[in-house]
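Read in the numbering used here, the sequence shown has 833 at position 38, and its numbers run on one by one without any break.
Positions of the beta carbon are idealized from the N, C-alpha and C atoms, including for glycine.
The structure appears below as structure tokens.
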Amino acid sequence: MEKNISSGLNSETYEKEHNLIEQIHRELLGLDMPCSCKTELDRTIVAIEAWRQHKARKELVDSIREDYHNLVSGISFLTELENIDRLELTPEELYDHAESLKFLADLADRCADRLVGLSTISKIMK
């Protein structure tokens, strides 16, 4: 089960794409090309990969920050559950709180996946 971590990007897909770029790089090194072409091609591949990593990292950081703010807002909405034994909540209110918790759980899971993706990118960038 692959989960999106950023604009359709997930850690497994990102690693596959990174490995593909490395494979292309190795194949191009084996071609009989003038040194200047190989050098220029190598610089281009490295620049593309660095740009890709930077872009993916920025998207993930932005998404994680947004998820964090949504989680904080959602949890503050649920503060009345602390006194649930003293409140007389209607069945609809109880159901709404349950749905809110499910939404927050999904949001937290997605945020965790994005953190794993950020970890993957950080490992590759080193």
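Do you know offhand how far residue i's Cα is from residue j's?
i      : j      : result
VAL841 : THR915 : 18 Å
LYS850 : LEU882 : 48 Å
TYR890 : PHE898 : 12 Å
ARG909 : HIS864 : 15 Å
GLY825 : ALA845 : 22 Å
PHE872 : VAL911 : 27 Å
ASN814 : SER868 : 39 Å
CYS832 : GLU894 : 59 Å
ARG847 : THR834 : 20 Å
ALA900 : ARG860 : 16 Å
ILE816 : LEU896 : 41 Å
THR744 : HIS820 : The chain is shown from 796 up to 921; residue 744 falls before or after that span and cannot be answered.
LYS811 : PRO886 : 48 Å
GLU875 : ASP862 : 22 Å
LEU884 : ASN878 : 11 Å
SER917 : ARG852 : 8 Å
GLU822 : ILE919 : 20 Å
What residues in its chain sit with their C-beta under 7 Å from that of residue i, if we drop five residues either side in the sequence?
i      : result
ALA903 : LEU866
Can you tell me which of the options puts its alpha carbon nearest to the alpha carbon of residue i?
i      : options                        : result
GLN818 : GLN848, ASP837, ASP827, LEU913 : ASP837
LEU855 : LEU815, THR839, CYS906         : CYS906
HIS892 : ASP880, ILE870, ARG821         : ILE870
What residues in its chain sit with their C-beta under 6 Å from that of residue i, if we drop five residues either side in the sequence?
i      : result
LEU913 : LEU855
Looking only at its chain, what residues have a beta carbon closer than 8 Å to the beta carbon of residue i, apart from the 5 residues adjacent to it on each side?
i      : result
ILE843 : ILE816
MET828 : LEU836
Looking at residue i and the ligand SAM, is the gap between the Cβ and the nearest heavy atom below 7 Å?
i      : result
PRO829 : This structure simply doesn't include the ligand SAM, nor any ligand for that matter.
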